[in-house]
Structure formats: structure tokens, C-alpha cells
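>
Number of protein chains: 2
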Amino acid sequence: MIIEILCVGNELLSGITLNSNAHWLAGQVASAGGIVKRVTVVRDDLGEISDAVKEILARNPDILVTTGGLGATYDDLTLEGVAMALGKKIVLDERAVQMLTKSYAVRKLDYELTEARLKMAKIPEGSTPIQNLLGSAPAVFLQAGGTKIFCLQGVPTEMKAIFEKHVMPLVKKGVGRFVAQEVNYNVMGVTEAMIAPALARIVESYPREDIYLKTHPRGYRKKTPQTRIQLISRGKDKKEVKKRLDAIAKTIENEIARLGGRVC
Amino acid sequence: MIIEILCVGNELLSGITLNSNAHWLAGQVASAGGIVKRVTVVRDDLGEISDAVKEILARNPDILVTTGGLGATYDDLTLEGVAMALGKKIVLDERAVQMLTKSYAVRKLDYELTEARLKMAKIPEGSTPIQNLLGSAPAVFLQAGGTKIFCLQGVPTEMKAIFEKHVMPLVKKGVGRFVAQEVNYNVMGVTEAMIAPALARIVESYPREDIYLKTHPRGYRKKTPQTRIQLISRGKDKKEVKKRLDAIAKTIENEIARLGGRVC
Chain A
1 MIIEILCVGN ELLSGITLNS NAHWLAGQVA SAGGIVKRVT VVRDDLGEIS
51 DAVKEILARN PDILVTTGGL GATYDDLTLE GVAMALGKKI VLDERAVQML
101 TKSYAVRKLD YELTEARLKM AKIPEGSTPI QNLLGSAPAV FLQAGGTKIF
151 CLQGVPTEMK AIFEKHVMPL VKKGVGRFVA QEVNYNVMGV TEAMIAPALA
201 RIVESYPRED IYLKTHPRGY RKKTPQTRIQ LISRGKDKKE VKKRLDAIAK
251 TIENEIARLG GRVC
Chain B
265 MIIEILCVGN ELLSGITLNS NAHWLAGQVA SAGGIVKRVT VVRDDLGEIS
315 DAVKEILARN PDILVTTGGL GATYDDLTLE GVAMALGKKI VLDERAVQML
365 TKSYAVRKLD YELTEARLKM AKIPEGSTPI QNLLGSAPAV FLQAGGTKIF
415 CLQGVPTEMK AIFEKHVMPL VKKGVGRFVA QEVNYNVMGV TEAMIAPALA
465 RIVESYPRED IYLKTHPRGY RKKTPQTRIQ LISRGKDKKE VKKRLDAIAK
515 TIENEIARLG GRVC
């Protein structure tokens, strides 16, 4: 289950907003056993959004999630960019208008459907609006070849609610049974370079998707190097996942001891 | 001055590590008046790194900054990926070996140059290593067509030190004189949709790079909407930048009042 994420917004490219949406989405996908292959961040520019969408679709992921650019303002261009990439028109969608009306009613707001507000109900032809009860702009789903595209909001609360309800079940269904177990070592006295050969041997002896093994350098305290070693065992069978985790953990612990390091 | 950022690392695509490097880099570039056109995040995979580099170079940015994947471990593949994209070999660079030796000496570490450590001195042919005194792996500079490529570390302290010393001066020189002034309004009683038409009119009447005007929805308190309006005026002349900021600020304040909102 391959997912790509496209985040749209100048504020993500000028140091104003930290891209916590991509981080959260990646964590969700990983927790279900899916793979986020790439995150792309582009500015609020029609051509750049459209180009990025085309490039992503050419890589044929199972799902493309976009975030941001669904609002009422002049620089909210995601749906237009997606439509342009697919050679589709943007059309005022009656269902989306009803959703806007409903979301105002639910929040007990008596808003007139001005032109600016109706912009949020203009979606690529052939796509399906998704009710957003925490904000105004509906999310949008459309199928493009083998890729399911979900255009989600940039506001984290709204994005998360729609993702959990509409995208996560598809990821879970696509991946099927999935179990992951993790162990982390904080090691004193061992650098990345020291343990690298042993870890490379471990990685080579398992299928790529069954384990995740990564060292994170944590600098030096006085002259003693500190390294975090992270091991995740993944698969469909809980017993097998555990067995693999235990076997690799044992190898790593022996290697740390051999190198004169200690786990703390 | 167009910059692209390529971040390499599975941990950025599985929700383990928040991509604070891209955020910091984007802030630095913006503060000097440069434009980050795109951020791309790929996994520790040779083909994916190489593909991303090729795609970025085809867009011909002035500078490409990569982060991560320079270390001693099996999954540190950035330099190999860059070399592959450019059809170059990876070669053991004597200057990089000296830098490794020096960085160990500076940190008073008595390390043997094992094969794993020497991996950090293997760089694309024709590129230039850059001393990293806060860690081991040198950074790498190479020119590819009109693009200056800087391969920086993933460890934030190391990446920041090299960026400030070696990349930031180029960004500043490329942009030339640059001044930015900013004002932010926290507005009660006005939604994005309400103020959108006025903001669109403002944006249309200035050259694209002279102002940055963005609304950030902040949800509702009881039934009152809250919106942050951010205005940045940019340019080469301080007086002009200030004059533009004041004029637009006045227009925005009048519009907020007209809509029955208030700044708080």
C-alpha cells in the first residue's frame, strides 16, 4: 500500500508553519503498515500544484493525500490544480453546497452563501465532496487511474478527522493484517560507524519490509558517543514478528557488548 | 533566487522524525529574500533519491540543498544517489579523509579509519567536501549545470552550521539587498471567506513578490470566528517597503471595521 502526500501552501515553504500534517499522516500510515513513498511540498501556485500532481500520478501510488488549499481565499488553489493535472473542469457541486450549508448549520452559524464561500463547493468534475463538520470547506475524493486522490484540509483538526474516517480504513484494508513491534536502545560508547557493519549484515539477511533498523546519532557527552538504535519488526503474524524482534535484539545486544558499549 | 530542498530519510516518512530541518531551512531562505520552490522528502532508497535529484535539476533551481543520508550506515545513500543522478562515480576523496581525521582530532577522539568511517569520505567525483566540525561526515558541494548542490547532514546542529557558513552567503549574494516588514492581525468576527474578496483585490494590485498576504483560520470561539491575517511587505528599498506595508495595513483595517470585526 503505497501512499504519497502533497502539501500545498507558501507558509510551509517560508518557515512560517512547521509541516506537522505530513508528520502526522506519515505516522498514521506507518502504524497501519502502509508506506509513504514521498512527501512533496509546493507553493500556492496553480502550475506548481498541477505539475506535482501529474508527477505523483505518473508514479502510480495507491493513494494520494493532499493537504491545504481548500479554503475561500484567492490562494487556495489545490482543487483547481488537481483538476488541471487531470484535464478536468472545476464545477459548482450541489452536494458540496449542501455540505457547506450543513456545516454552518451544525455550528449554528447563519452565513449567506457568498461567492467567496461558494468557491469551497467548486470541485473537479466527477469528484465526490466529503462533509467537513469541524470547518467549512468539504474534502474531496476522486479516482485517477489506479490512484485514489483525497484532497484534505490544511487545518490539522479538520484534516485529521476526515483522514481517520475516510482514508485510514482504506489503508488498513489495503494492507490487511499488520503487526509491528519496536525496541529502542540508547547506547553509550558506540558510534553509528562502529555498529554499522553489524547492522548492515542484519538488514541484508531479512526481507526489506520485515524490519526497520536505524541508528540516530545523539552526539557526544564528554568524549563518549551516544547513539539511539531503533528496531521495528513488522509483518502479518504476531508470533513471527515477535520471534524476529527477539532474535535481532539479541544480535544487537551482543554486538553492543562486544564493542564495549552499554545500553542505558 | 530559487532554492529546492530534498530531505532523505525513512524516519521522515514514517512519523518518527518531524521534518524540522526543512522548516528551519525555509525560514532562513525566506529571511534573506530567497524562494523555496519545493520541498521533496524521499526514503533511503538509491533509485528514489536519484530520481528526485534528476527531477529537481530539470527544474533548474539556483541551489539544491539536500539533508540527511551522509553517515556511515548502510542506509546513508544520498551521495550515491546524487552521483547516480549525474552519471558520476563515487570516489574516496583524500580531502574528505583529512577532514574526517581533523574532526575526530578536534573532538579529541582517537578513531581508526575503518571501512565504515571511510564511507563518509566517498563522494561524487568532481565534488568538494566541506569540513564538519560538529560531527564526522563532511558536507559536499557540487555544481550541476546552473544548480549549486549542497549535500548537508541530517543532524540539525551540523546541518545548520554548514548552511550558515557555506550556503546562506550565496543566498544573500544572489538575492542582493532585501528588506521585509511584517504585520499580523488577530481578528474576531471575520472569517477567511468574509475578507477574501478584499484581500484578493489587494493581491491583484501589487507585483507577486512584493507582498505576502495570507489568512489563517483559527476556528470559532462560541459562534465568533477568529482569523489571523498576516501581511509581509518585501523589497530592496526600506522606505518603499514600509510605505507599501502602511498602505495595505490601512486598507485591511478599514475592511475589518466595515465587516464588523475587531482586531485583538
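Line by line, the protein sequences are chains A and B.
If you count by the working numbering, then the first sequence holds residues 1 to 264, one letter each, in order.
If you count by the working numbering, then the second sequence holds residues 265 to 528, one letter each, in order.
Where is the CB? At the ideal position from N, CA and C, for every residue including glycine.
The structure presented is a predicted model; accordingly, all values stated were derived computationally and were not measured.
So what does DSSP say about Asn19(A), is it helix, strand or coil?
In the first sequence, the residue the question calls residue 19(A) occupies position 19. In the structure shown, Asn19(A) sits in coil (DSSP, three-state: anything other than H, G, I, E or B).
> If you check the beta carbons only, do Leu334(B) and Leu343(B) fall under 8 Å apart?
As a first step, residue 334(B) is located in the second sequence; it is residue number 70 there, counting from the start. As a first step, residue 343(B) is located in the second sequence; it is residue number 79 there, counting from the start. Their beta carbons are under 8 Å apart, which means Leu334(B) touches Leu343(B) by this criterion.
> On the criterion of 16 or more Cβ atoms from any shown chain inside 10 Å, does Glu209(A) qualify as buried, or is it exposed?
On the first sequence, residue 209(A) is found 209 positions in, with the first residue counted as 1. Classification for Glu209(A): exposed.
> If we count the other Cβ atoms within 10 Å of its Cβ and call it buried at 16 or more, is Pro156(A) buried or exposed?
Counting from one through the first sequence, the residue named residue 156(A) turns up at place 156. Exposed is the call here.
> Using the three-state DSSP reduction, which class does Met452(B) fall into: helix, strand or coil?
Locating residue 452(B) in the second sequence gives position 188, where the first residue counts as 1. If DSSP states are grouped into helix, strand and coil, Met452(B) belongs with the strands.
> Could you give the distance in angstroms between the alpha-carbon of Ile493(B) and the alpha-carbon of Gly279(B)?
Taking the first residue of the second sequence as 1, we reach residue 493(B) at position 229. Taking the first residue of the second sequence as 1, we reach residue 279(B) at position 15. The straight-line gap from Cα to Cα measures roughly 30 Å.
> What are the start and end residues of each continuous beta strand (DSSP E) run of 3 or more residues lying completely inside the segment 291-322 of chain B, in chain order?
Counting only runs of at least 3 residues, the segment 291-322 of chain B fully encloses the following beta strand (DSSP E) elements, listed from N- to C-terminal order: 299-306.
> So that I know if they touch, is there some Cβ in chain B lying closer than 8 Å to that of Ala116(A)?
The residue given as residue 116(A) occupies position 116 in the first sequence. Taking Cβ atoms only, chain B reaches closer than 8 Å to Ala116(A), which makes this a yes.
> Quick check on the burial criterion: 16 or more other C-beta atoms within 10 angstroms. Buried or exposed for Pro61(A)?
Residue mapping note: residue 61(A) aligns to position 61 of the first sequence, counting from 1. Under this definition Pro61(A) is a buried residue.
> Can you find the residues in the same chain that come closer than 8 Å, C-beta to C-beta, to Thr17(A), ignoring five residues on each side of it along the sequence?
Numbered from its first residue, the first sequence carries residue 17(A) at position 17. Around Thr17(A): Gly9, Glu11.
> Taking contact to mean 3 or more Cβ pairs, one atom from each stretch, closer than 8 Å, check whether the segment 448-463 of chain B and the segment 484-491 of chain B are in contact.
In short, these stretches touch, since the Cβ pair count reaches three.
> For Val419(B), list the residues DSSP reports as bridge partners.
Walking along the second sequence from the start, residue 419(B) turns up at place 155. Per DSSP, none; premise fails for Val419(B).
> Considering Cα atoms alone, identify which of Val42(A), Asp44(A), Ser136(A), Lys172(A) is closest to Glu112(A).
Here residue 112(A) is taken as the residue at index 112 of the first sequence, counted from 1. Glu112(A) has its Cα closest to that of Ser136(A), out of Val42(A), Asp44(A), Ser136(A), Lys172(A).
> Are Val39(A) and Leu277(B) closer than 8 Å when you measure CB to CB?
Residue numbering aside, residue 39(A) sits at position 39 when the first sequence is read from its first letter. Residue numbering aside, residue 277(B) sits at position 13 when the second sequence is read from its first letter. With respect to the 8 Å criterion, Val39(A) and Leu277(B) are classified as neighbours on the basis of their beta carbons.
> Assess contact between the segment 432-441 of chain B and the segment 366-374 of chain B, defined as three or more Cβ pairs (one per stretch) separated by less than 8 Å. Is contact present?
no
> So, is the C-beta of His287(B) closer than 8 Å to a C-beta in chain A?
Taking the second sequence and counting its residues from 1, the one referred to as residue 287(B) is at position 23. It does: the Cβ of His287(B) has a partner Cβ on chain A nearer than 8 Å.
> Terminal residues of the continuous alpha helix (DSSP H) containing Gln362(B)?
Start at 1 with the first residue of the second sequence, and residue 362(B) comes out as number 98. Note, Gln362(B): alpha helix (DSSP H), 358-370.
> Counting Cβ pairs closer than 8 Å, one from the segment 153-170 of chain A and one from the segment 137-145 of chain A, do we hit at least three?
yes
> Looking at the unbroken beta strand (DSSP E) that takes in Gly219(A), where does it start and where does it end?
Start at 1 with the first residue of the first sequence, and residue 219(A) comes out as number 219. 211-221 is the span of the beta strand (DSSP E), which, as asked, contains Gly219(A).
> Taking only beta carbons into account, state which residues of the segment 444-474 of chain B come closer than 7 Å to chain A, listed in chain order.
Glu456, Ala457, Ala460, Pro461, Leu463, Ala464, Val467
> On the DSSP letters alone, give me the boundaries of the alpha helix (DSSP H) that Arg244(A) sits inside.
Along the first sequence, read from residue 1 onward, the residue named residue 244(A) stands at position 244. Where Arg244(A) is concerned, the enclosing alpha helix (DSSP H) stretches over 238-258.
> Give the C-beta separation of Ala72(A) and Met120(A) to the nearest angstrom, bearing in mind that I take them to be a contact with Cβ-Cβ under 8 Å.
As a working note, residue 72(A) is residue 72 in the first sequence. As a working note, residue 120(A) is residue 120 in the first sequence. Indeed, because the Cβ distance is near 6 Å, the residues count as touching under 8 Å.
> For the pair the segment 304-315 of chain B and the segment 190-197 of chain A, tell me if three or more CB-CB distances fall below 8 Å.
In short, these stretches do not touch, since the Cβ pair count stays below three.
> In angstroms with no decimal places, state the Cα-to-Cα distance between Leu477(B) and Arg95(A).
Taking the second sequence and counting its residues from 1, the one referred to as residue 477(B) is at position 213. Taking the first sequence and counting its residues from 1, the one referred to as residue 95(A) is at position 95. Between Leu477(B) and Arg95(A), the C-alpha separation is close to 31 Å.
> Should Ala380(B) go down as buried or exposed, given a rule of 16 or more other Cβ atoms within 10 Å for buried?
One-based indexing of the second sequence puts residue 380(B) at position 116. Counting the other CB atoms within 10 Å of its CB gives Ala380(B) a total of 16 or more, which places it among the buried residues.
> Just checking my contact of Pro388(B) with Ile354(B) at CB under 8 Å: how many whole Å lie between their CB atoms?
To locate residue 388(B), count along the second sequence from 1; it is residue 124. To locate residue 354(B), count along the second sequence from 1; it is residue 90. Yes, Pro388(B) and Ile354(B) are in contact; Cβ-Cβ is about 6 Å, under 8 Å.
> Under DSSP, the alpha helix (DSSP H) around Val435(B) begins and ends at which residues?
To locate residue 435(B), count along the second sequence from 1; it is residue 171. Its alpha helix (DSSP H) spans residues 432-439.
> Taking DSSP's pairing of strands, which residues face Glu182(A) in a bridge?
Translated into positions along the first sequence, residue 182(A) becomes position 182. Answer by DSSP bridge pairing, in chain order: Ile232(A).
> Cβ atoms of Lys236(A) and Gln181(A): under 8 Å apart, would you say?
If you number the first sequence from 1, residue 181(A) lands on position 181. If you number the first sequence from 1, residue 236(A) lands on position 236. No, these two residues do not count as a Cβ contact at 8 Å.
> Closer than 8 Å by beta-carbon distance: list the chain B residues that pair up with Ala26(A), in chain order.
To locate residue 26(A), count along the first sequence from 1; it is residue 26. Going along chain B in sequence order, the residues near Ala26(A) (Cβ under 8 Å) are Leu276, Leu277, Ser278, Gly279.
> Compute every distance between the C-beta of Met99(A) and the non-hydrogen atoms of the ligand NAD, then say whether any falls below 7 Å.
The ligand content of the structure shown is nil, which means the ligand NAD is not present either.
> Residue range of the alpha helix (DSSP H) that Thr392(B) falls in?
As a working note, residue 392(B) is residue 128 in the second sequence. Per DSSP, Thr392(B) belongs to no alpha helix (DSSP H); it is in the beta strand (DSSP E), 392-394.
> Looking at the secondary structure, which residues open and close the alpha helix (DSSP H) in which Ala336(B) lies?
As a working note, residue 336(B) is residue 72 in the second sequence. Here Ala336(B) belongs to no alpha helix (DSSP H), and DSSP marks it neither H nor E.
> Would you mind stating whether Glu319(B) and Glu4(A) have Cβ atoms separated by less than 8 Å?
In the second sequence, residue 319(B) corresponds to position 55, counting from 1. In the first sequence, residue 4(A) corresponds to position 4, counting from 1. Not closer than 8 Å, so no.
> Can you check whether the CB of Val435(B) is closer than 8 Å to the CB of Gly332(B)?
If you number the second sequence from 1, residue 332(B) lands on position 68. If you number the second sequence from 1, residue 435(B) lands on position 171. No, the Cβ-Cβ distance between Gly332(B) and Val435(B) is not below 8 Å.
> Taking DSSP as the reference, what is the three-state secondary structure of Leu377(B)?
On the second sequence, residue 377(B) is found 113 positions in, with the first residue counted as 1. Looking at Leu377(B) - three-state DSSP - the assignment turns out to be coil, as it is neither helix nor strand.
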